[in-house]
Amino acid sequence: SYTLRLQDISDEAGQVLHDTSLSFVYPDLPQVGDLILNEILFYPREDGYDFVEIYNRSESYLRLDSCYLGNMESGVINNLKLMSPAQILGPGEYLVLSKDKENLKSQYSLTPPDRNARWIARDEGSAHRALSRLARRSG
């Protein structure tokens, strides 16, 4: 990650931006083995939803705009869905994809409690239909 530090910058109206720091990252594309499908729930409780938990085991910030989930049947990948547009997953972070994040959070706890996870609700069908293989778009 990078930090941009700004000191005593003023605009034409005379407004001064004193000591300010902005942090940002330049994310990489995931490489084979960087992302792990850590947990998959195919059969939720009666009032629940499927989910997929993804873990970034690399030491890099990763762009997820080139990652897809899809089905593989008879060696053919189909039903590809963009995993999470405009998302960046940091080193050691978890990303949980589910149709209803509040429902999922109310039914399951994060363990350990300090685990760094973000929840994203997706309304694109169930995980068992949209998951068998994590595929990186080629080209």
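In terms of this note's numbering, the sequence shown is residues 4 to 142.
No residue lacks a Cβ here, since even glycine has one placed at the ideal position from N, Cα and C.
As the structure is a prediction and not an experimental result, all values here were calculated from the model.
From the DSSP secondary-structure annotation, give me the bridge partner or partners of D31. In the sequence shown, counting from the first residue as 1, residue 31 sits at position 28. DSSP lists L65 as partners of D31.
Shortest alpha-carbon distance to L144 belongs to which of S69, L92, S13? Given that the chain is displayed from residue 4 to residue 142, the structure contains no residue 144 and the question cannot be resolved.
The stretch 15 to 25 in contact with the stretch 71 to 80 per 3-pair CB rule at 8 angstroms: no
Sequence-distant residues of its chain with Cβ nearer than 7 angstroms to R8 (five each side left out): One-based indexing of the sequence shown puts residue 8 at position 5. Once the five neighbours on either side are set aside, the close Cβ partners of R8 are S24.
For K1, the three-state DSSP class (helix, strand or coil): Residue 1 lies beyond the residue range present for the chain, which begins at 4 and ends at 142; the question has no answer from this structure.
Can you tell me whether DSSP reads S77 as helix, strand or coil? Indexing the sequence shown from 1 puts residue 77 at position 74. Here S77 sits in coil by DSSP.
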